[in-house]
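Reading through the structure tokens given below for one structure.
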DNA sequence: ATCGCACTTGAACGTTGTTCATGACCATGC
DNA sequence: GCATGGTCATGAACAACGTTCAAGTGCGAT
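Now the structure itself:
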């Protein structure tokens, strides 16, 4: 096995074990020594595969994004009218809630993690995010056909942010700690309200 | 000076210095040794005034909530009609954005901080939050007079959560990193859309 | 078989938050 | 004024963290 192959294998093992640890204990559950032991390597070996633990977290987070994309299923087909567009937006919002509930700590890691050096996320990470935002842009374009693409992209991100806020604070055991069914209803009410309100510009 | 008075004085000094440190460096900027030096006491003294550093953070966060309440000005008077209610909701959302921009790290600490033991926030903290949510419930009740109080309270919290999401992800330098003026417009668009969409149940 | 180099190793380093034996200090009683 | 008792602040010490790097191991080439 070449050195490159070994490094790749180590990377895979590390990410898989890190994923398990984060799923079990959140971001604080990822500890260098424990990770090394789980992956069957020395602590120092982690730093041959990743620049630091934040790099490991980033890799895990990418897998989480992929998992979410898979959970969304294939992209929606043609959306007939504004009513169907609103339905699709509600469906996406509730799918987001379902995913957050199914993988609470992994999902939490997506947003709680901050790169230490204040740098922006790497391109491959941003690209994955963009693919997910496209899911929102599609029904939004049906709802507001006259919107320029830049404005549609922007509005889609704000729609996501709003839904994210409802889910994040709603599920947070230290903030609202709402039952899932209640959050589900709130998403339905507010996303539908936004869709209805956006329809007439 | 009695022991209680001294402890209170120490508490005040610690909170003031901790506030400065968090404002300068966020939650990671609050370090026990540095705080003790700034407050002119020994590290151990911190633990005579607070159970741990999280207690200090909680006290700072309460001050931040008070600061935000002050920034909102006195509660709105009677709200004439649904149009005025929508205006007020937009105003509150944009005031929230302004505050987050004016005190980014202190505001960040409000949401990034997690109590370690998984316990809920203390009552005095929840009470202060409730006073702020009441600001949203007021115009919302004008918009939807038929709503039961529990539903109004719930919807107000979700409205806040949505706006919080737009502000938090919009300002986050590692996520959207949008210019403030853009976020301001997005709040206007979406809050107005929600208000319009909510008007007809 | 021997040599040389690259890569893995894990003890060590610097920083955390938190604790607790120590000693200083002050109020009280004689 | 002095001895005494108890209370409280002190900061060195501890455990746990991420990260590093001198040292050693092992593999491939000669």
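Protein chains in written order, with the UniProt record's numbering: chain P, 1 to 201; chain E, 1 to 201.
For each residue, glycine too, the CB sits at the ideal point set by N, CA and C.
Backbone CA spacing between residue i and residue j [nearest angstrom]
i, j, result
"residue 103 of chain P", "residue 23 of chain P", "7 Å"
"residue 122 of chain E", "residue 66 of chain P", "38 Å"
"residue 57 of chain P", "residue 115 of chain E", "22 Å"
"residue 18 of chain P", "residue 55 of chain P", "11 Å"
"residue 179 of chain E", "residue 47 of chain E", "41 Å"
"residue 139 of chain P", "residue 172 of chain P", "29 Å"
"residue 33 of chain E", "residue 33 of chain P", "26 Å"
"residue 142 of chain P", "residue 78 of chain P", "9 Å"
"residue 50 of chain P", "residue 111 of chain P", "20 Å"
"residue 202 of chain P", "residue 147 of chain P", "Residue 202 of chain P cannot be examined here, being either before or after the span of chain P that is shown, 1 to 201."
"residue 69 of chain E", "residue 63 of chain E", "10 Å"
"residue 176 of chain E", "residue 181 of chain P", "29 Å"
"residue 88 of chain E", "residue 15 of chain E", "33 Å"
"residue 153 of chain E", "residue 144 of chain E", "12 Å"
"residue 160 of chain P", "residue 26 of chain P", "23 Å"
"residue 193 of chain P", "residue 193 of chain E", "7 Å"
"residue 156 of chain E", "residue 101 of chain E", "22 Å"
"residue 174 of chain E", "residue 120 of chain P", "5 Å"
"residue 30 of chain E", "residue 13 of chain E", "14 Å"
"residue 6 of chain E", "residue 45 of chain E", "11 Å"
"residue 126 of chain E", "residue 10 of chain P", "46 Å"
"residue 165 of chain E", "residue 92 of chain P", "16 Å"
"residue 90 of chain E", "residue 53 of chain E", "36 Å"
"residue 202 of chain P", "residue 170 of chain P", "With chain P represented from 1 up to 201, any question about residue 202 of chain P goes unanswered, as that position is not in the structure."
"residue 74 of chain P", "residue 188 of chain P", "22 Å"
"residue 206 of chain P", "residue 81 of chain E", "Absent from the model: residue 206 of chain P. The displayed extent of chain P is 1 to 201, so no value can be given."
"residue 99 of chain E", "residue 28 of chain P", "30 Å"
"residue 162 of chain E", "residue 158 of chain P", "9 Å"
Contact set between residue i and chain E, taken where Cβ atoms lie within less than 7 Å
i, result
"residue 174 of chain P", "114, 115, 120 and 121"
"residue 194 of chain P", "190, 193, 194 and 197"
"residue 157 of chain P", "176"
"residue 37 of chain P", "Those do not exist, as residue 37 of chain P stays about 24 Å from chain E at its closest Cβ, beyond 7 Å."
Cβ neighbour criterion (16 or more within 10 Å) applied to residue i
i, result
"residue 61 of chain E", "buried"
"residue 150 of chain E", "exposed"
"residue 205 of chain P", "Outside the displayed range of chain P (1 to 201) lies residue 205 of chain P, so it cannot be described from this structure."
"residue 108 of chain E", "buried"
"residue 131 of chain P", "exposed"
"residue 197 of chain E", "buried"
"residue 40 of chain P", "exposed"
"residue 83 of chain E", "exposed"
"residue 37 of chain P", "exposed"
"residue 94 of chain P", "buried"
"residue 195 of chain P", "buried"
"residue 135 of chain E", "buried"
"residue 168 of chain E", "buried"
"residue 85 of chain P", "buried"
"residue 184 of chain P", "buried"
"residue 191 of chain E", "buried"
"residue 8 of chain E", "exposed"
"residue 71 of chain P", "exposed"
"residue 59 of chain E", "buried"
"residue 42 of chain P", "exposed"
Under 7 Å by beta carbon: chain P residues contacting residue i
i, result
"residue 164 of chain E", "165 and 169"
Element boundaries [alpha helix (DSSP H), containing residue i]
i, result
"residue 189 of chain P", "180-199"
"residue 71 of chain E", "53-72"
"residue 136 of chain E", "123-143"
"residue 114 of chain E", "That residue, residue 114 of chain E, is in no alpha helix (DSSP H); it is neither H nor E in DSSP."
"residue 37 of chain E", "32-39"
"residue 26 of chain E", "First-last for residue 26 of chain E: undefined, no H or E at that position."
"residue 169 of chain E", "149-171"
"residue 98 of chain P", "82-102"
"residue 79 of chain E", "Neither: residue 79 of chain E is in no alpha helix (DSSP H) and is coded neither H nor E."
"residue 177 of chain P", "Note, residue 177 of chain P: premise wrong, no alpha helix (DSSP H); not H, not E."
"residue 42 of chain P", "No alpha helix (DSSP H) contains residue 42 of chain P, which DSSP labels as neither H nor E."
Within chain E, partners of residue i - CB distance below 8 Å
i, result
"residue 142 of chain P", "Per Cβ cutoff of 8 Å: no residues; residue 142 of chain P is ~16 Å from chain E at best."
"residue 182 of chain P", "154"
"residue 94 of chain P", "Those do not exist, as residue 94 of chain P stays about 14 Å from chain E at its closest Cβ, beyond 8 Å."
Within chain E, partners of residue i - CB distance below 9 Å
i, result
"residue 73 of chain P", "By Cβ distance, chain E contributes nothing, its closest Cβ being about 24 Å from residue 73 of chain P, past 9 Å."
"residue 138 of chain P", "Simply none; closest approach about 18 Å."
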